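What the sequence shown shows, in numbering that gives the first Met the number 0, is residues 0 to 109, in sequence order. A virtual CB, placed ideally from N, CA and C, is assigned to each residue, including glycine. It should be emphasised that the depicted structure is a prediction, and the values quoted were computed from it without experimental measurement. Everything on this sheet refers to the single structure shown next.
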Amino acid sequence: MVQILIEQAENSTELILIELQGALDYAAEKQSLSGERVGFLFFTQNAICVIGQHVLDGKMVELDKPLLVMRKRQADGTNNTSYQVECVIKRKLLFHKRSKSIVHYSSKKM
C-alpha cells in the first residue's frame, strides 16, 4: 500500500471553473493563451462573457463533485512524494448556449 501525504495550503483561495462550448481559436504565431486577455466577464443576475464580437450568456452552478488543485512536492534525493492542496473548486460558470454575434450598425446611410 502506498501512502500519499496531502495537506491544505495556508493561503488557499477559491477558484471557479469556466466551461465553454466549442473552441477558442487564436493566432497561429501564439503558442498558448497564458497571460493573454481573452475577453470580458460581467455579472448581473447571470454571467455575461464577451469574447471578440461574440456574447455568451451563462450561469453559476455547483459542481456535483468538487475538484482539487494540487501541487506535487518531492524531497531532494528521496523517493518521498507529497501533495499540497492549493484550492478546492466547488462552482463553475457554465456557458452552455451558442454565442450571439454583436452586430454594429452604422448611422450613416450609404
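Spatially closest choice to R70 from A26, L92, T80, by CA coordinates: Sorting A26, L92, T80 by C-alpha distance to the C-alpha of R70 places T80 at the top.
task: Consult DSSP for S100 and reduce its assignment to one of helix, strand or coil.
output: Three-state DSSP puts S100 in a strand.
message: For a quick check, are the C-beta atoms of V60 and K89 less than 7 Å apart?
response: The answer is no: Cβ separation not under 7 Å.
- request: Note the first and the last residue of the continuous beta strand (DSSP E) segment covering D75.
  value: For D75, there is no enclosing beta strand (DSSP E), as DSSP gives it neither H nor E.
query: Leaving out five residues before and five after R72 in sequence, what residues of the same chain have Cβ atoms less than 8 Å from its Cβ?
result: Take R72, set aside five residues on each side of it, and the residues of its chain with a beta-carbon closer than 8 Å to its own are T80, S81, Y82, Q83, in chain order.
- request: Tell me whether G38 is buried or exposed, calling it buried when 16 or more other Cβ atoms sit within 10 Å of its Cβ.
  value: Per the 10 Å Cβ criterion, exposed.
query: When you compare each of F42, D75, R36 to I50 by their alpha carbons, which one comes out closest?
result: Sorting F42, D75, R36 by C-alpha distance to the C-alpha of I50 places R36 at the top.
query: Measuring CB to CB, does L66 end up less than 7 Å from E18?
result: Not in contact: L66 and E18 (Cβ atoms no closer than 7 Å).
Where the beta strand (DSSP E) containing R115 begins and where it ends: This structure cannot speak to residue 115, because the chain is shown only from 0 to 109.
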